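Number of protein chains: 2
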Amino acid sequence: MSRESNFIAALRALAPHPAARGLADDCAVLDVGGETLVMTHDMMVEGVHWLPDQDPADVAWKIVATNLSDLAAKGAEPIGVLLGYMLGADDARFVEGLAEALTAFDVPLLGGDTVSGSGGGQAVGLTALGRATCRPVPSRSGARPGDIVWITGPIGAAMLGFEALRDGDATADTTAFRRPVPRLAEGRALAPLASAMMDISDGLLLDATRLAQASEVTLALESAQVLVPASLPPARRMEAMTWGDDYELLAILPAGVQPPCPAHRIGMVTPSGKFPLLVDGAPPAGRIGYEHGNVPS
Amino acid sequence: MSRESNFIAALRALAPHPAARGLADDCAVLDVGGETLVMTHDMMVEGVHWLPDQDPADVAWKIVATNLSDLAAKGAEPIGVLLGYMLGADDARFVEGLAEALTAFDVPLLGGDTVSGSGGGQAVGLTALGRATCRPVPSRSGARPGDIVWITGPIGAAMLGFEALRDGDATADTTAFRRPVPRLAEGRALAPLASAMMDISDGLLLDATRLAQASEVTLALESAQVLVPASLPPARRMEAMTWGDDYELLAILPAGVQPPCPAHRIGMVTPSGKFPLLVDGAPPAGRIGYEHGNVPS
Numbered sequence: 152m153s154r155e156s157n158f159i160a161a162l163r164a165l166a167p168h169p170a171a172r173g174l175a176d177d178c179a180v181l182d183v184g185g186e187t188l189v190m191t192h193d194m195m196v197e198g199v200h201w202l203p204d205q206d207p208a209d210v211a212w213k214i215v216a217t218n219l220s221d222l223a224a225k226g227a228e229p230i231g232v233l234l235g236y237m238l239g240a241d242d243a244r245f246v247e248g249l250a251e252a253l254t255a256f257d258v259p260l261l262g263g264d265t266v267s268g269s270g271g272g273q274a275v276g277l278t279a280l281g282r283a284t285c286r287p288v289p290s291r292s293g294a295r296p297g298d299i300v301w302i303t304g305p306i307g308a309a310m311l312g313f314e315a316l317r318d319g320d321a322t323a324d325t326t327a328f329r330r331p332v333p334r335l336a337e338g339r340a341l342a343p344l345a346s347a348m349m350d351i352s353d354g355l356l357l358d359a360t361r362l363a364q365a366s367e368v369t370l371a372l373e374s375a376q377v378l379v380p381a382s383l384p385p386a387r388r389m390e391a392m393t394w395g396d397d398y399e400l401l402a403i404l405p406a407g408v409q410p411p412c413p414a415h416r417i418g419m420v421t422p423s424g425k426f427p428l429l430v431d432g433a434p435p436a437g438r439i440g441y442e443h444g445n446v447p448s
Numbered sequence: 152m153s154r155e156s157n158f159i160a161a162l163r164a165l166a167p168h169p170a171a172r173g174l175a176d177d178c179a180v181l182d183v184g185g186e187t188l189v190m191t192h193d194m195m196v197e198g199v200h201w202l203p204d205q206d207p208a209d210v211a212w213k214i215v216a217t218n219l220s221d222l223a224a225k226g227a228e229p230i231g232v233l234l235g236y237m238l239g240a241d242d243a244r245f246v247e248g249l250a251e252a253l254t255a256f257d258v259p260l261l262g263g264d265t266v267s268g269s270g271g272g273q274a275v276g277l278t279a280l281g282r283a284t285c286r287p288v289p290s291r292s293g294a295r296p297g298d299i300v301w302i303t304g305p306i307g308a309a310m311l312g313f314e315a316l317r318d319g320d321a322t323a324d325t326t327a328f329r330r331p332v333p334r335l336a337e338g339r340a341l342a343p344l345a346s347a348m349m350d351i352s353d354g355l356l357l358d359a360t361r362l363a364q365a366s367e368v369t370l371a372l373e374s375a376q377v378l379v380p381a382s383l384p385p386a387r388r389m390e391a392m393t394w395g396d397d398y399e400l401l402a403i404l405p406a407g408v409q410p411p412c413p414a415h416r417i418g419m420v421t422p423s424g425k426f427p428l429l430v431d432g433a434p435p436a437g438r439i440g441y442e443h444g445n446v447p448s
């Protein structure tokens with residue numbers, strides 16, 4: 152087990168409340184009054200989740216987008232966010248990006264904290280709070296044999312964007328890596344129909360494996376059905392499927408149910424077999440994703 | 152203005168929602184489904200908020216305690232916390248301290264995120280969610296001339312504890328700095344009676360100034376009425392009043408109202424004068440607190 156896995160296993164003992172969903176879901180889901188709240192917290196670190204010379208406005212956008220993507224995976228409507236901010240090189244640019252993201256996704260800042268750094272890499276955290284729009288709120292654990300696996304968009308654009316940014320390639324489009332868009336409307340449309348749902352943050356193959364394990368089924372994907380950017384070299388299709396940061400939704404729908412939003416079918420759910428995930432009939436070899444979203448290098 | 156003040160002023164424009172309380176309160180306060188939610192997020196950084204060789208269990212305890220102290224200042228009852236954790240030197244000790252704090256304050260872990268560091272100081276963040284026990288939920292802005300200023304306990308023990316820890320003095324009691332206790336019961340008892348309330352995290356004089364400014368009044372404190380530890384040299388009384396980390400509650404009650412919990416009277420509220428804060432009749436000179444909770448050195 153990795154260091155992170157050990158740590159999370161130890162935390163799980165502190166999270167017996169049903170709202171915590173065993174720390175095995177994208178969000179906490181809590182009934183309060185007559186509403187169901189959906190809450191998530193993501194943290195990002197300079198040199199781990201973003202390149203040290205990246206525009207702070209992109210960092211701000213991404214910490215908002217990644218948290219809202221977790222809400223999208225629950226079909227939740229954002230209520231507001233709280234920011235934990237370590238002062239950095241260009242705080243004004245961070246605020247500009249934050250304003251752009253909050254405006255784009257129509258969500259207010261509700262509070263937070265500002266701290267000094269200690270000379271190391273900058274760290275920022277964000278908590279997003281949302282309201283469930285359907286109940287039960289989809290989890291990772293409801294997929295059943297016979298269900299169909301859908302995805303809301305292509306995979307691989309973030310990887311290509313990261314590489315262009317890292318290599319200083321000004322001709323390439325880096326938007327997918329810098330400015331991901333949470334699939335909020337898609338999540339709300341899919342949530343009432345989905346047997347299970349999650350967002351793809353750490354790599355399609357790793358996240359599909361997690362969903363399969365939570366549901367105690369096998370997901371059988373067909374790699375040729377996964378959409379990739381036209382600029383992706385065909386030999387890199389499998390690599391793109393192990394790269395994170397695309398923030399599309401992975402939705403499991405019962406057979407015969409058509410998604411009410413753009414999505415394409417990439418596989419089906421089978422009874423739990425020897426492996427939680429099959430790609431073109433075989434378990435994927437090698438690393439299948441990012442254990443805690445590290446920027447690869 | 153400090154860097155932090157500039158940053159917060161810029162953030163304020165992004166927080167027009169009434170739940171944000173103009174980013175000028177301890178918590179966001181949000182009506183949801185017939186309940187009133189109270190939310191806060193605090194961040195702590197190695198070398199800034201804790202000594203690099205401090206026990207990670209103390210760090211875990213303190214990030215829980217400081218957030219719950221913000222809930223206490225609103226009279227809220229904790230519902231749960233979300234943790235943002237950067238892997239550090241001894242993650243198992245952190246989990247032990249976290250378990251102790253969550254058990255002591257009877258609050259569950261609901262979720263969060265774990266990330267790798269980039270080689271600099273460790274950073275941790277925590278979001279606490281609570282339920283208001285009375286409405287309106289007290290803010291910093293309700294103090295009126297004629298009200299009385301109360302505090303729930305002594306000031307200065309955290310300063311002495313920090314110094315002993317820094318100097319490796321094994322004979323001194325460092326508990327107040329390492330393991331503060333949020334005044335949750337006191338906060339719930341005071342909230343229905345208080346004109347205004349906040350917790351003292353950045354120094355009594357700075358926090359009293361903030362409350363006075365939010366309320367547009369002057370707070371007139373009598374330094375002799377402020378309780379200090381017996382071991383505090385008399386010459387350091389004023390210094391103790393500018394040191395943070397004690398996490399007592401500063402409560403403003405109408406004249407004639409007795410606090411329903413242990414508290415002592417340290418001053419009164421007067422109409423807004425030339426200065427927001429008077430100590431023994433004069434504005435305090437020099438630095439009056441910590442702008443963002445730095446461990447002083």
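As you go down the protein sequences, you meet chains A and X in turn.
Using our numbering, the first residue of the first sequence is number 152, and each one after it goes up by one.
Using our numbering, the first residue of the second sequence is number 152, and each one after it goes up by one.
Where a beta carbon is used, it is the ideal one built from N, C-alpha and C, also for glycine.
All of these numbers come straight from a predicted model, not from anything done at the bench.
- Within the segment 232-315 of chain X, the complete beta strand (DSSP E) runs of at least 3 residues fall at 260-266, 274-283, 299-302.
- Among the bridge pairs identified by DSSP, tryptophan 201 (chain X) is matched with X:Glu197.
- Listed along the chain, the chain X residues whose CB falls inside 7 angstroms of the CB of glutamate 186 (chain A) are Val183, Gly184.
- Two segments are said to touch when three or more pairs of C-beta atoms, one from each, lie closer than 8 angstroms; by this definition the segment 169-178 of chain A does not touch the segment 180-191 of chain X.
- Under the 8 angstroms criterion on CB atoms, cysteine 285 (chain X) is classed as non-interfacial with respect to chain A.
- Threonine 421 (chain X) is bridged by DSSP to X:Thr369.
- Any Cβ of chain X closer than 8 angstroms to the Cβ of histidine 168 (chain A) would place that residue at the interface, and such an atom is present.
- Asparagine 157 (chain X) and alanine 170 (chain X) have their C-alpha atoms some 22 angstroms from each other.
- Boundaries for methionine 392 (chain A): no beta strand (DSSP E) harbours it, and the DSSP string shows neither H nor E there.
- Non-local C-beta neighbours of glycine 263 (chain A) in its own chain, meaning closer than 7 angstroms and more than five positions away in sequence, comprise Leu233, Leu234, Gly235, Tyr236, ordered along the chain.
- Taking the beta carbon of threonine 191 (chain X) as reference, the chain A residues within 9 angstroms of it are Leu233, Gly262, Gly263, Asp264, listed in sequence order.
- The secondary-structure analysis by DSSP pairs valine 180 (chain X) across a beta bridge with X:Val189.
- In the structure shown, arginine 416 (chain A) adopts extended strand secondary structure according to DSSP, grouped into three states.
- For alanine 161 (chain A), the enclosing alpha helix (DSSP H) begins and ends at 154-163.
- Distance from glutamine 205 (chain A) to leucine 316 (chain A) at the Cβ level is roughly 7 angstroms; contact confirmed, criterion being Cβ atoms closer than 8 angstroms.
- At the C-beta level, alanine 161 (chain A) and glutamate 337 (chain A) stay beyond 8 angstroms of one another.
- In the DSSP annotation of this structure, the continuous segment of the alpha helix (DSSP H) that includes alanine 211 (chain A) starts and ends at 207-223.
- Nearest CB-CB separation between methionine 348 (chain X) and chain A: not below the 8 angstroms threshold.
- What alanine 227 (chain X) touches in chain A, judged by beta-carbon distance under 9 angstroms, is nothing: the nearest beta carbon there is about 13 angstroms away.
- In the DSSP assignment, glutamate 337 (chain A) is bridged to no other residue.
- Taking the CA atoms as reference points, alanine 414 (chain A) sits about 13 angstroms from valine 379 (chain A).
- DSSP places alanine 227 (chain X) within a strand segment (E or B) once states are collapsed to three.
- For the segment 352-378 of chain A, the set of residues with a beta-carbon nearer than 8 angstroms to any beta-carbon of chain X is empty.
- Serine 374 (chain X) sits away from aspartate 298 (chain X), with the two beta carbons spaced by 8 angstroms or more.
- Here the C-alpha atom of histidine 192 (chain A) lies approximately 43 angstroms from the C-alpha atom of glycine 424 (chain X).
- Residue contact check for glycine 395 (chain X) against chain A: no CB pair falls below 8 angstroms.
- In this structure, the beta-carbon distance from glycine 354 (chain X) to glycine 395 (chain X) falls below 8 angstroms.
- If you compare the alpha carbons of A:Leu238, A:Met190, A:Glu228, A:Val189 with that of alanine 211 (chain A), the shortest gap goes to A:Leu238.
- Taking a Cβ-Cβ threshold of 9 angstroms, none of the residues of chain A is close to isoleucine 214 (chain X); the smallest such distance is about 11 angstroms.
- Its chain contains Gly235, Tyr236, Met237, Leu238 as the residues whose beta carbon lies nearer than 8 angstroms to that of valine 266 (chain X), once the 5 sequence neighbours on both sides are disregarded; these appear in chain order.
- Within the same chain, Gly173, Leu174 come within 7 angstroms of arginine 163 (chain A) by CB-CB distance, once the 5 residues on both sides are set aside.
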